[in-house]
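Student:
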Amino acid sequence: MPALLQSYSSGQQLLTPRMQLSLSKRIKRIWPYFVDSRLALGIALIASMFAAATEPALPSLLKPLLDSGFKRSAESFPLWLVPVAIVGLFAIRGLANYISQYAVAHAVNHTVTRLRGHMFERVQKAAPILFTKQTNSSLTNMLVYEVQFGATTVAQLLTTSLRDMLTVVFLLAYLMWTNWQLTLFVFVLAPLVVVVVRALSKRLHRLTLQSQQAVDDLAYSVEENILAWRLVRLHNAGDTQAQRFAARDKTLRGINLKLVAASALSSPITQVMASFAVSAVVVIALWQSNEKGHTVGSFVAFVTSMLLLLAPMKRLSDLSGQFTRGMATLERAVNLIEDTAQEQGGTHQVPRSRGDLQLQDVTLQYPSAEKPALDGLTLQIAAGQSIALVGPSGAGKSSLINLLPRFLEPGSGRVALDGVPLQDWNIANLRSQFALVSQDVVLFNDSVAVNVSLGASMDEARVQDALAAANLTSFVDGLPQGIHTVIGHNGNQLSGGQRQRMAIARAIYKDAPILILDEATSALDSESERLVQSALERLMQGRTAIVIAHRLSTIERADRIAVMDAGRIVEQGTHAQLLVSGGLYARLHSLQFKS
Ligand code: ADP
Ligand code: MG
836 MPALLQSYSS GQQLLTPRMQ LSLSKRIKRI WPYFVDSRLA LGIALIASMF AAATEPALPS
896 LLKPLLDSGF KRSAESFPLW LVPVAIVGLF AIRGLANYIS QYAVAHAVNH TVTRLRGHMF
956 ERVQKAAPIL FTKQTNSSLT NMLVYEVQFG ATTVAQLLTT SLRDMLTVVF LLAYLMWTNW
1016 QLTLFVFVLA PLVVVVVRAL SKRLHRLTLQ SQQAVDDLAY SVEENILAWR LVRLHNAGDT
1076 QAQRFAARDK TLRGINLKLV AASALSSPIT QVMASFAVSA VVVIALWQSN EKGHTVGSFV
1136 AFVTSMLLLL APMKRLSDLS GQFTRGMATL ERAVNLIEDT AQEQGGTHQV PRSRGDLQLQ
1196 DVTLQYPSAE KPALDGLTLQ IAAGQSIALV GPSGAGKSSL INLLPRFLEP GSGRVALDGV
1256 PLQDWNIANL RSQFALVSQD VVLFNDSVAV NVSLGASMDE ARVQDALAAA NLTSFVDGLP
1316 QGIHTVIGHN GNQLSGGQRQ RMAIARAIYK DAPILILDEA TSALDSESER LVQSALERLM
1376 QGRTAIVIAH RLSTIERADR IAVMDAGRIV EQGTHAQLLV SGGLYARLHS LQFKS
């Protein structure tokens, strides 16, 4: 399988929790991310146990109260014991619950920070294919919201359910102790509940996954429409977009309602089953009441304990639904961390490469495309040479240059820098050899200086020089804080030409041995293009340069022109040679000359 397709299919696993794994294996995958918070989790568990232990205390207080409290005699307990016991009980319970909640929150928030850190790092170093597989909004969703929801749900449920389970155990023990025949009878119903709850939880898991996908789709709709608000309004597409949004929202609503229906079903089922038990117990207890030892006190204590059992039992049965949801989201996070194909680099590195590039029989096919974008392309670019790539749009020019910093992997063929195949280069070192100015300029919401020196240490004098070379000095001097002015989200306070010149200044600052210009001057007017052109020509001196430009006048001075069509190099030579040979270049040239 070509490398590209291989990483493509591994990207797909991201959304699929490993249903084939048992629950304990799935928990084992998630546990390592919680392990550093084991102390806090331990404290939460112990506090939960204390809270649970206080539960049977209440009914056990009722028994002596009813049996001897109301017919006061010499041997009955002193009256002051009643408030002491009740207040003491609730104080212990309150404190235990408080400690347990805080400790869980502590564990969850620390775990979430760790998970997010891992996720962010994996995304930063992910093989580029991730970004074609996942939308921005679904990654944002996962990192910002889902991971918090998942960790909170799972950790909270683990501790509250431990408390509930212990409560159930303690209450059952107390029930056994007061009346074991009755308790055994209640027990018969328990396995029935388990079977029903199991069946529901499978359905819940599936619906949870569907719901997450629907949330991603909805978020993507919002993102698209915010990014493209001008386009949407200009084309009066608001209504159709609103309809699309409404349709997705409706899908989400449908799934969420099914989800609620499935999880809400579990509690009525358990309650009806419980009502069977309660009615049977009352009947049996009344029937037993003739025998010795069965007092009013013990009956009330028994029924109270049984009623106290209902709340934790109900929570425990709801638990499976919520737990399933929480687990599914956490697993998505863990999958992102563990299954995202990471960029693989080699070990070769040099401070500064010569800039000698070779492409040999290179093919490239996008997974979604029918025809290959590059089809057996061979091209040599000697160190220090400038080469212009020319050809109709869709010829594969951008695809070719994306291979060089390994933003794309070729399906077959060989790409080498200084005679060393690209995959043998240390990936960060390889990328430090290239400066790229492309059509779409990305600017960060930070100062001009940070944007120009991006990633490198900032030297103000060099930033000023780079800005001057990119013909931006007068613009930056006019900004309120000069080079320290923050330029807004993606530089939206800058004009198209200013943005492009910022990208050029960035390339000048980087001073890399290989310069790639992909339509770098397309957004400039003729006057600023002329000014920047001279800066770029100076920049190209002594470097390998690859220039893609539609305006052929800007590339006439390149050492060599390579003409591309349908993923191949169809002719090469100087401007004059190509005009004489009368091929594709000559045709393109005469077309532009006419207009
Ligand atoms: P150029 O830069 O010469 O205009 P490109 O390299 O952008 O050409 O595109 C070459 C071919 O690859 C085109 O047919 C284009 O449709 C296709 N292509 C480019 N990017 C993608 C992509 N991300 N997914 C699928 N096909 C793509
Ligand atoms: Mg292009």
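Each residue of the sequence shown is one higher than the one before, starting from 836 at the first, in this note's numbering. Glycine included, C-beta positions come from ideal geometry on N, C-alpha and C. In this text the structure is predicted, and so the values were computed from the model without any measurement.
1. Should T1213 be labelled buried (16 or more other beta-carbon atoms within 10 Å of its own) or exposed?
2. Which word fits A1099, buried or exposed, when buried means at least 16 other C-beta atoms lie within 10 angstroms of its C-beta?
3. Alpha carbon to alpha carbon, how far is K1085 from L1092? Give it in angstroms, no decimals.
4. Going by the beta-carbon positions, is the gap between T1198 and G1254 smaller than 7 Å?
5. Residues in its own chain within less than 6 Å of L1423 by CB, not counting five upstream and five downstream?
6. Look at the alpha carbon of L849 and the alpha carbon of S1361, and state the distance between them as a whole number of angstroms.
7. In angstroms with no decimal places, state the Cα-to-Cα distance between I1318 and D1281.
8. Name the two residues that bound the continuous alpha helix (DSSP H) containing Q1412.
9. Whole alpha helix (DSSP H) runs in the stretch 1068 to 1138 with 4 or more residues, listed along the chain?
10. Mind checking whether the beta-carbon of S1233 lies closer than 6 Å to any heavy atom of ligand 2?
11. Apart from the five residues just before and just after Q1184, which ones in its own chain have a Cβ nearer than 6 Å to its Cβ?
12. In terms of residue numbering, what span does the alpha helix (DSSP H) encompassing S1221 cover?
13. Would DSSP call M826 helix, strand or coil?
14. Let me know the secondary structure DSSP gives S1188 once reduced to three states.
15. Say the cut is 6 Å; is the CB of F1282 nearer than that to a heavy atom of ligand 1?
16. DSSP puts T1198 in a beta bridge; with which residues?
17. Helix, strand or coil, according to DSSP, for L849 in the structure here?
18. Does the beta-carbon of Y1201, which I'm using as the reference point, lie nearer than 6 Å to any heavy atom of ligand 1?
19. Does ligand 1 have a heavy atom nearer than 6 Å to the CB of G1436?
20. Check this for me: beta carbons of P894 and A1081, under 7 Å apart or not?
21. Got a sec? Which residues, its chain only, sit under 8 Å from R1038 by beta carbon, not counting five neighbours each side?
22. When the Cα atoms are used, what is the spatial distance from Q1200 to Q1179?
23. Exposed or buried, I1349, counting other C-beta atoms within 10 Å across all chains shown (16 or more means buried)?
24. Residues in its own chain within less than 8 Å of V1050 by CB, not counting five upstream and five downstream?
25. Do the CB positions of R1189 and A1218 come within less than 7 Å of each other?
Tutor: Quick look at the numbers:
1. Along the sequence shown, read from residue 1 onward, the residue named residue 1213 stands at position 378. T1213 is exposed by the Cβ-count criterion.
2. Indexing the sequence shown from 1 puts residue 1099 at position 264. The residue is exposed, with fewer than 16 neighbouring Cβ atoms inside 10 Å.
3. Position 257 of the sequence shown holds residue 1092. Position 250 of the sequence shown holds residue 1085. The straight-line gap from Cα to Cα measures roughly 10 Å.
4. The residue given as residue 1198 occupies position 363 in the sequence shown. The residue given as residue 1254 occupies position 419 in the sequence shown. Result no, Cβ atoms of T1198 and G1254 do not sit closer than 7 Å.
5. In the sequence shown, counting from the first residue as 1, residue 1423 sits at position 588. Same-chain partners within the cutoff: there are none.
6. Counting from 1 along the sequence shown, the entry for residue 849 is found at position 14. Counting from 1 along the sequence shown, the entry for residue 1361 is found at position 526. For L849, the predicted structure reports a pLDDT of 47, less than 50, and the residue's modelled location is therefore unreliable. A value from the coordinates is still provided. Roughly 48 Å between the two C-alpha positions.
7. For the purposes of this step, residue 1318 is taken as the residue at position 483 of the sequence shown. For the purposes of this step, residue 1281 is taken as the residue at position 446 of the sequence shown. C-alpha separation (whole angstroms): 10 Å.
8. By 1-based counting over the sequence shown, the position of residue 1412 is 577. Per DSSP, Q1412 belongs to the alpha helix (DSSP H) from H1410 to S1416.
9. 1073 to 1123
10. Locating residue 1233 in the sequence shown gives position 398, where the first residue counts as 1. Because some heavy atom of ligand 2 lies under 6 Å away, the Cβ of S1233 counts as near it: yes.
11. The residue you call residue 1184 lines up with position 349 of the sequence shown. Within the same chain, Q1184 has close Cβ partners N1261 and N1264.
12. Along the sequence shown, read from residue 1 onward, the residue named residue 1221 stands at position 386. Not the alpha helix (DSSP H): S1221 falls in the beta strand (DSSP E), residues S1221 to V1225.
13. The displayed coordinates of the chain run from 836 to 1430. Any statement about residue 826 would go beyond what the structure contains.
14. Within the sequence shown, numbered from 1, the residue matching residue 1188 stands at position 353. In this structure, S1188 counts as coil in the three-state DSSP scheme.
15. Sequence index remark: in the sequence shown, residue 1282 carries index 447 (1-based). Looking at the sequence itself, residue 1282 is Ser, so the reference to Phe does not match. No, Cβ of S1282 sits at least 6 Å from all heavy atoms of ligand 1.
16. Walking along the sequence shown from the start, residue 1198 turns up at place 363. Answer is D1210 and S1247.
17. Start at 1 with the first residue of the sequence shown, and residue 849 comes out as number 14. In this predicted model, L849 has a pLDDT of only 47, less than 50, meaning its place in the structure is not dependable; the value taken from the coordinates is given anyway. In this structure, L849 counts as helix in the three-state DSSP scheme.
18. Translated into positions along the sequence shown, residue 1201 becomes position 366. Yes - ligand 1 has a heavy atom lying nearer than 6 Å to the Cβ of Y1201.
19. No information on residue 1436 is available, as it lies outside the stretch 836 to 1430 that the chain covers here.
20. As a working note, residue 894 is residue 59 in the sequence shown. As a working note, residue 1081 is residue 246 in the sequence shown. For P894 and A1081, no; Cβs fall outside 7 Å.
21. Sequence index remark: in the sequence shown, residue 1038 carries index 203 (1-based). So the qualifying residues of the chain are A1097.
22. Indexing the sequence shown from 1 puts residue 1200 at position 365. Indexing the sequence shown from 1 puts residue 1179 at position 344. If you take the alpha carbons of Q1200 and Q1179, they lie about 20 Å apart.
23. Position 514 of the sequence shown holds residue 1349. Burial call: buried.
24. Position 215 of the sequence shown, counting from 1, holds the residue named residue 1050. Excluding positions up to five away in sequence, the list reads N976 and L1087.
25. Within the sequence shown, residue 1189 is the residue found at index 354, counting from 1. Within the sequence shown, residue 1218 is the residue found at index 383, counting from 1. Yes, the pair counts as a contact, with Cβ atoms nearer than the cut-off.
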